[in-house]
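Everything below concerns the one structure shown next.
Numbering (the working numbering), first residue to last: 8 to 71.
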């Protein structure tokens, strides 16, 4: 695994960080560049959609 690879644990960590920055409210991933980029990278590496990656980051459960 490389330095810039994104796995499930990193993805959930980025989402948690954005959630805390949003004062534990609604997280719009487009407003947090690190989360947006991580979701995009995860979706490309694992062959899923951006929305599936976002659900994985929120809940920790894979849909596909």
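Glycine is no exception: its CB is placed at the ideal position from the N, C-alpha and C atoms.
On a predicted model such as this, the values are computed, not experimentally measured, just so you know.
The alpha carbon of residue 27 has as its nearest neighbour, out of 65, 45, 51, 48, the alpha carbon of 65. Taking the Cα of residue 22 as reference, the smallest distance to any Cα among 59, 51, 9, 43 is reached at 43. When DSSP states are grouped into helix, strand and coil, residue 11 belongs to the coil group. Spatial neighbours of residue 56 in its own chain (CB-CB distance under 7 angstroms, excluding positions within 5 residues in sequence) are listed in chain order as 50.
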